[in-house]
Amino acid sequence: MENIVTVKNLKKVYKTHKRKQGLLNAVKSIFFREYENKEALKGISFEIKKGEIIGLIGPNGAGKSTTIKTLSGFLFPTEGEVTSMGFTPWKSRAKYVKNLGVVLGQKEQLWWDLPAVDTFYLSKELYDIPKKAFKKRLNFMVKLLDVEKVMHTPVRDMSLGERMKCKLIAALLHNPKLVLLDEPSIGLDVIAKDRFRDFIKLVNKKYGTTFIVTTHDMQEIEQLCKNIIIINHGKIIYNGPIKEIKKEFLTSKFMDIKLESKGTKFKFKSCNVVEQDDYEIKIQVDTQKTKIKEVINYLLSKYDVADILISDPPIEKIIQKIFQRKHEEV
Amino acid sequence: MKKFKGLVKNAFKLGLAYRAHFFVSLIGVPLALIIYYYLWGSIFSYSGQSVLNGYTFLELITYYALSMVVGMLTYVDVDAWMGNDIKSGVVVSDFLRPISYIWNLFYVTCGFRSLAFIIEVIPTILIAIFFIKVPVPSILYFVFFLISLIFAFLLNYFLTFCVGLTAFWFKEIYGLRKIKTAIKAFLEGGLIPLTFFPLSFQVVFKFLPFQYMRFVPINFYLQKYTLMEAWPLFLIQLIWIGVFYLIAVFVYKKAFKKFAGAGV
Amino acid sequence: MTRAGIFKKGMQLTLSQDMAYKWNFLITVIATMFKDFIGPLIIILIYTSTSGIPGWSLYEFLLFQGTLTLVFGFGHFAFVQIPAKVISGVRRGTFDKYLLKPVDTLFYLTAIATDWDGLGQVAVGLALIIFAFIKLNLAISLNFWIYVLLILVAFIFQYAIMVLISALTFLIVQSWALLDLFFKISDFARYPSSVYGVGLRFMLTFFFPIAISAYYPSIVLINGFSIKLLLEAVIPVFVFFILSLYVWKLAMRKYTSAGG
């Protein structure tokens, strides 16, 4: 698969002015301003293949939004090369953006007092979408996301979930090849999040649209993306499949055991009891020191087991570990 | 402690906001005075008279400078705040303390006006003095000026508060506020002394609250009233303050009853 | 042509948006019209109790004010939302959404800048002009067409100012103060340049073509024109216009390097 985005040695340095506290400094700032340099990106490189859904993870201030803004074409770097869909984003912004879709999760993008459908028709004009294709695509997405009725109500009267769906439609109407999703499902309930993910996967499969998803929601990343890029302090810490991360950093498993009859207090080597009551035991097993097989055998011999559920620790814990490890390395 | 931090933060933001205001006033005031100087200069010389409708040229320019000062000191923005707070629903927390909503906003307004005094009024006075030989009234009339100024401020506050209350019944009051500002500007004598209006109009104005918000204080400074005329004027100012205060309290209580239960 | 299509859609959407709160819209229009009648009313008051302003009869002055109201009204209708949206966007961090559109940013902002409130002002201006026109017994002559031309030039000046203020938002902090300042300086335009001394007049004409707004068109309609007058009126505006576009380009470059 060929690359849709290639980033080489991207560096970005910001000039920000120091804001000092206190009245005296406020007065001073009327006349003088002190500046300092902030290195948002310290030279990152990565490639994204066509048709991928890739996750971009990192704590706040890591350089995620700088990267997204550069890919959106309205930020140019201090150094480095970026090629996206054959363009250098900031050089031919208007042309480049014709094939780009962007959803900014926390910012309004639709006209607040108007029905969402009005914004859709404005997009039709802006992107010069032929009538037939526009209607077909609009109906397809509107049916899938179940907003047929809602899109005729003013955006200000919509729920958060409905707004998000409409934002997503607005971003996809012109059939962009690349879509950037910046915290798209923040504030959505579980069902809405599910629908949202299914929709992305469907569009990705049907149209081959490449998605870059920035989010703090690890579950979302796990369900949507095969590969992830982890960024921290302006550097890429990891770029590859999620599977590999889990393998490397997975040093424990969680076990949830349900009992038929009351059991005694649980104790086993390298096992940490998270919770225990009369009919349920929750433990964390250090898999580097103990084999799961051994724990199971012990349980079966000592307790009246009804059910055993074995799961990985939440991916947040894994990512946290990665950050910690890299921090220590630095 | 949290509240204190919040207040400090706001004062800080205010400082930054006022920085721009400061520079704009600094340019706006001499600009306005220049315009009036040239305009009225040519009107006076063309008419060949030294007094027009009760004012000499010097008094008229002073009139405009005073109009700016009085405007700055009595400026009230509560209707805008209320419009926003009520529309967004934030006001509900203030509902827990009925009467103090009125006075709460009053104290905040006083705070702003005090800041304005330093940042806007003093520079204005200095600029005016630099441009023209500003006549100075006797101590008695200056005191009259101050008293009528305070009354004018109170009057404007309660009137504006009443306008702000309409936000409980109309979603958007921006248009209504604009009309109020336009009517007020015209009828309170800020743009031209009311003596330029036909006599019949001037009689009607005496029965409206507007002239007592700007025209009257200015005239006290310029010593345009006799001692006999002074007391009735103060009385009328107080009556109007009372009227709007009562309306404010009454309507507010109604709004409270109607909306506090249902939620805004 | 898609540009026209975008413009048309923009005007449609802004109309729907402005009418979202119908009563407020109506009242705002009335309030603005009210404000615009105040100026002429004051002039009438002045003319009834004094000899008026030298060089201008009452109706000539009303023509002047009507022209001014028309020009600023059109500026309100077509352009004032450009700096308003820019300032609001920068302040709230939502300006980026304008940069995500597949068209030139300034063009897009202009296409969605229609503020239908402004029609009230335009109406008042036209009413005053027509009224004064009749009272002055003017005819549709060559002077009239030059008058119209100069009004169009004044519209261009309005656009240039709005673009400049928008651009300065990125280069200076708190440029809403500039918008304020602009309207304060525009006060100068409220009275004919002949009222001011020669020095001030020169400044008004050459460094800040405010005078183009009402003075030049009105003078031409009343007294006729000369080539010199036309050049004086038109050239500074075009220079200013080109300058404003240039400053906008600079501002966009700065914004895209700083990332907002």
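Protein chains in written order, with the numbering used here: chain A, 4 to 333; chain B, -18 to 245; chain C, 653 to 912. Note that CB positions come from ideal geometry on N, CA and C, so glycine has one too.
In this structure, the straight-line span from the alpha carbon of B/GLY70 to that of C/GLN810 is close to 38 Å. Shown here is that no member of the region 708 to 719 of chain C has a Cβ falling below 9 Å from a Cβ of chain B. Distance from the CA atom of B/SER129 to the CA atom of B/PRO118, rounded to whole angstroms, is 15 Å. Sequence-distant Cβ neighbours of A/GLY243 in its own chain, meaning closer than 8 Å and more than five residues away, are ASN230, ILE231.
An exposed status is given to B/LEU216, since fewer than 16 other beta-carbon atoms sit within 10 Å of its beta-carbon. Under the DSSP assignment, A/ILE56 falls in the beta strand (DSSP E) whose first and last residues are 56 to 60. Our two residues, A/PHE137 and A/LYS146, have alpha carbons roughly 14 Å apart in a direct line. Taken in chain order, the complete alpha helix (DSSP H) segments of 4 or more residues contained in the region 45 to 111 of chain B are 59 to 69, 79 to 97. As DSSP reads the structure, A/VAL106 sits in a beta bridge with A/LEU184. Legend: CB atoms of the region 151 to 175 of chain B lying less than 9 Å from CB atoms of chain C belong to residues PHE151, LYS152, GLU153, ILE154, TYR155, GLY156, LEU157, ARG158, LYS159, ILE160, LYS161, THR162, ALA163, ILE164, ALA166, PHE167, LEU172, ILE173.
Rounded to the nearest whole angstrom, the CA to CA distance from C/LEU714 to C/ILE786 is 12 Å. The continuous beta strand (DSSP E) containing A/MET258 extends over residues 255 to 262. Contacts between C/PRO692 and chain B, judged by CB atoms closer than 7 Å, are missing: the closest CB pair is about 12 Å apart. Measuring C-alpha to C-alpha distances from B/GLY156 to each of C/LEU780, C/VAL755, C/ILE679 identifies C/ILE679 as the nearest.
Contact of A/ASP131 with chain C by beta-carbon distance below 7 Å involves THR654.
Sequence-ordered contacts of the region 656 to 678 of chain C with chain B read TYR673, TRP675, ASN676, PHE677, LEU678 [C-beta pairs closer than 8 Å]. Secondary structure at A/ASP121: helix, using DSSP grouped into helix, strand and coil. Counting C-beta pairs closer than 8 Å gives three or more between the region 687 to 697 of chain C and the region 714 to 730 of chain C, which meets the contact rule. Here DSSP, grouped into helix, strand and coil, assigns B/THR43 to helix. The three-state reading of DSSP puts A/PRO157 in strand, counting E and B together.
From the listed residues B/LYS165, B/LEU180, B/PRO190, B/LEU47, the smallest Cα separation to B/ILE103 is found for B/LEU47. At least one CB atom of chain A sits nearer than 8 Å to the CB of C/SER909. Neighbours of C/GLY704 in chain B, taken as residues at a C-beta separation under 9 Å, are given in chain order as ILE24, TYR27, SER28. By the C-beta criterion, the region 127 to 141 of chain A is judged not to be in contact with the region 184 to 195 of chain A, since fewer than 3 inter-stretch pairs fall below 8 Å. Per DSSP, B/PRO198 is one residue of the alpha helix (DSSP H) stretching across 196 to 202.
Less than 8 Å divides the Cβ of A/VAL216 from the Cβ of A/LEU184. Take the alpha-carbon of B/LEU140 and the one of B/PHE225: they are about 6 Å apart. Neighbours of A/SER75 across chain C, judged by C-beta separation under 9 Å: ASP748, LEU751, LEU752.
Taking the beta carbon of C/LYS687 as reference, the chain B residues within 7 Å of it are ALA163, listed in sequence order. For the region 756 to 772 of chain C, the set of residues with a beta-carbon nearer than 7 Å to any beta-carbon of chain A comprises ASP756, in chain order.
For A/PRO244, the enclosing beta strand (DSSP E) has its first and last residue at 238 to 244.
Excluding the 5 residues flanking it on each side, C/VAL886 has same chain C-beta neighbours closer than 6 Å at VAL805, in chain order. Per the coordinates, the alpha-carbon of A/LEU163 lies some 58 Å from the alpha-carbon of C/ILE792. Non-local beta-carbon contacts of C/SER870 in its own chain, meaning distances under 7 Å to residues more than five positions away in sequence, involve LEU715, PHE716, THR719 in chain order. C/PHE807 and C/SER865 have their alpha carbons spaced roughly 8 Å apart. Looking at the DSSP output, A/GLN287 sits in a beta bridge with A/PHE257, A/ASN275.
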